[in-house]
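Trainee: Encoded as structure tokens, here's the structure I'll be asking about.
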Amino acid sequence: MTVVVAYAGGPAGSAAITRRAREADVVAVSVDLGAGDVDFAALRERALGCGAAEAIVVDARTEFADEHCLPALQANAVLFDRYPLVGSLARPLIEKHLALIADGAEVHRPRETRGLLSPDRTLWGRAVDTADADPWHRPVYSYTEDVAANIDAPDEVVVTFDRGVPVAVDGETVSVAEAVLRLGHRAGAHGVGRFDLATDGREVYEAPGAWALITAHRELENLTLDADLARFKQSVDRRWTELVHDGLWASPLREPLDAFVRHAQEHVCGDVRMVFHGGAAVVTGRRGEAGPARHLRPVGRRYRPLTGREHPDHPNHRAS
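Just so we're aligned: the sequence shown equals residues -1 to 318 in our numbering.
Take a look at the structure:
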């Protein structure tokens, strides 16, 4: 019998490999989601040392960025208007690759023990379920510096979007993954993207790149989307976020929600200027194309395009 174990290097995963190796051939699977601070070669050796017959590392960084992080960005996926999704974005992709490798074998996904040894770490962010519920205790951060670390050196950045996709940082072309990592490094240096919550116990998150991109994307949507479309999209964004957070990535509802969000990005093109400083990402400038509905005026129950001097771009335009 073959058993496939999702392995992140924690004590629960190591124990699961040792225990199951007594009765089956264990295949340990580690999925690289772009955290950047994980030594996957050492992780593989550790899995083999625990008794795994085979240890596989799957490079899913680009797939995670393009197929999970980008939809979350375009849906402005911030839970309860407080923090970006982190682990719930990653788990569906991990499970997908486990299933592909298993192909009929038994799949075992250990539930890691709570504490600092078992954070969810991806390029989008990091989650730590701390055992210390006292909100006075200072958590241990790794993606972000203290908010006062670079207080005398604010960092200004310009992010360029094309149809809701981040395509350049300070004029240099980037992939989605590169945009998240670059902004994460620069925003994190100023303590941007820290979230300390008291929900079911205490939960600490840090997602500097995600927070910087969502902040920029929201502001560009405010500039480029028609008011009715923007208002309706807020409800779609909220439902998309709830769906993914609740573990329903495979829900038949997500695909049509994705389709709507993608269509709404048609005119989300332009530049956003931000400053990272003292734990905040502050938008200081936006420029972009306005969607066609911004040049429509209601006439009864129908719309007609503005022409001549009515059009706001006409040199002799007068506001009515």
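Glycine included, every Cβ here is placed at the ideal spot set by N, Cα and C.
Can you tell me whether glycine 7 is buried or exposed, with buried defined as 16 or more other CB within 10 angstroms of its CB?
Mentor: Flag for glycine 7 reads buried.
Trainee: Among the residues of its own chain, which have a CB less than 7 Å from the CB of aspartate 256, if the five just before and after it don't count?
Mentor: Hits under 7 Å: Pro69.
Trainee: Do you know how far the Cα of arginine 42 is from the Cα of proline 254?
Mentor: Using only the alpha carbons, I get a separation of about 39 Å.
Trainee: DSSP three-state label for threonine 120, please.
Mentor: Residue state, collapsed to three classes: coil.
Trainee: Which class does serine 173 belong to by DSSP, given the choice of helix, strand or coil?
Mentor: In this structure, serine 173 counts as coil in the three-state DSSP scheme.
Trainee: Which same chain residues, not among the five before or five after alanine 175, have their C-beta less than 7 Å away from its C-beta?
Mentor: Correct list, in chain order: Gly32, Arg59, Thr60, Ala63 and Leu121.
Trainee: How would you label alanine 249, buried or exposed, when you count the other beta carbons within 10 angstroms and need 16 or more for buried?
Mentor: Residue 249 is actually serine in this sequence, not alanine. Exposed is the call here.
Trainee: With DSSP as the reference, label phenylalanine 193 as helix, strand or coil.
Mentor: Strand at phenylalanine 193.
Trainee: Of the choices Asp30, Arg124 and Gln263, whose alpha-carbon is the least far from that of tyrosine 203?
Mentor: Per the Cα distances, Arg124.
Trainee: What is the DSSP secondary structure of phenylalanine 78, reduced to helix, strand or coil?
Mentor: Note: phenylalanine 78 maps to coil in three-state DSSP.
Trainee: State buried or exposed for phenylalanine 159, treating a residue as buried only when at least 16 other CB atoms are found within 10 Å of its CB.
Mentor: So phenylalanine 159 ends up on the buried side.
Trainee: I'd like to know whether the C-beta of glutamine 72 is nearer than 8 Å to at least one C-beta of chain B.
Mentor: Checking the listed chains, one finds no chain B in this structure; it contains a single protein chain.
Trainee: For a test of the three-state rule: what should DSSP assign to aspartate 168, helix, strand or coil?
Mentor: Note: aspartate 168 maps to coil in three-state DSSP.
Trainee: In chain order, what residues of the same chain lie with their CB nearer than 8 Å to the CB of aspartate 235, ignoring the 5 residues before and after it?
Mentor: Within the same chain, aspartate 235 has close Cβ partners Ala73, Asn74, Ala75 and Val259.
Trainee: Looking only at its own chain, which residues have a Cβ that is under 6 Å from the Cβ of alanine 187, when we skip the five neighbours before and after it?
Mentor: Taken in chain order, the residues that qualify are Glu143 and Asn148.
Trainee: What are the uninterrupted segments assigned as alpha helix (DSSP H) that are 4 or more residues long and contained completely in the region 32 to 80, given in chain order?
Mentor: Listed in chain order, the complete alpha helix (DSSP H) runs (minimum 4 residues) inside the region 32 to 80 are 38 to 47, 59 to 62 and 68 to 72.
Trainee: Given that a residue counts as buried once 16 or more other Cβ atoms are within 10 Å of its Cβ, and exposed if not, what is alanine 40?
Mentor: That one is exposed.
Trainee: Taking 8 Å as the cut-off, decide whether the C-beta atoms of leucine 96 and alanine 4 are in contact.
Mentor: Yes, Cβ-Cβ distance for leucine 96 and alanine 4 is below 8 Å.
Trainee: Using 10 angstroms around the beta-carbon of leucine 181, count the other beta-carbons present and answer buried if the total reaches 16, otherwise exposed.
Mentor: Buried, because 16 or more other Cβ atoms sit within 10 Å of the Cβ of leucine 181.
Trainee: Go to aspartate 235, then tell me how far its alpha helix (DSSP H) extends in each direction, as first and last residue.
Mentor: Here the alpha helix (DSSP H) through aspartate 235 covers 225 to 243.
Trainee: Between alanine 214 and valine 281, which are expected to be in contact by the criterion C-beta below 8 Å, what is the C-beta distance as a whole number of angstroms?
Mentor: Going by Cβ atoms, the distance from alanine 214 to valine 281 rounds to 7 Å, so yes, they are a contact pair.
Trainee: Could you tell me whether the region 45 to 60 touches the region 17 to 26, where touching means 3 or more Cβ pairs closer than 8 Å?
Mentor: Contact holds: three or more Cβ-Cβ distances are below 8 Å.
Trainee: Can you tell me whether aspartate 37 is buried or exposed? The criterion is at least 16 other CB atoms within 10 Å of its CB, across all chains shown.
Mentor: Per the 10 Å Cβ criterion, exposed.
Trainee: Counting C-beta neighbours from all protein chains within 10 Å, is the total for histidine 183 16 or more, i.e. buried, or is it exposed?
Mentor: So histidine 183 ends up on the exposed side.
Trainee: How would you write the range of the beta strand (DSSP E) that glycine 283 sits in, first residue to last?
Mentor: Unbroken beta strand (DSSP E) run through glycine 283: 278 to 286.
Trainee: Buried or exposed: which applies to glutamine 232, given that a residue is buried once 16 or more other Cβ atoms fall within 10 Å of its Cβ?
Mentor: Under this definition glutamine 232 is an exposed residue.
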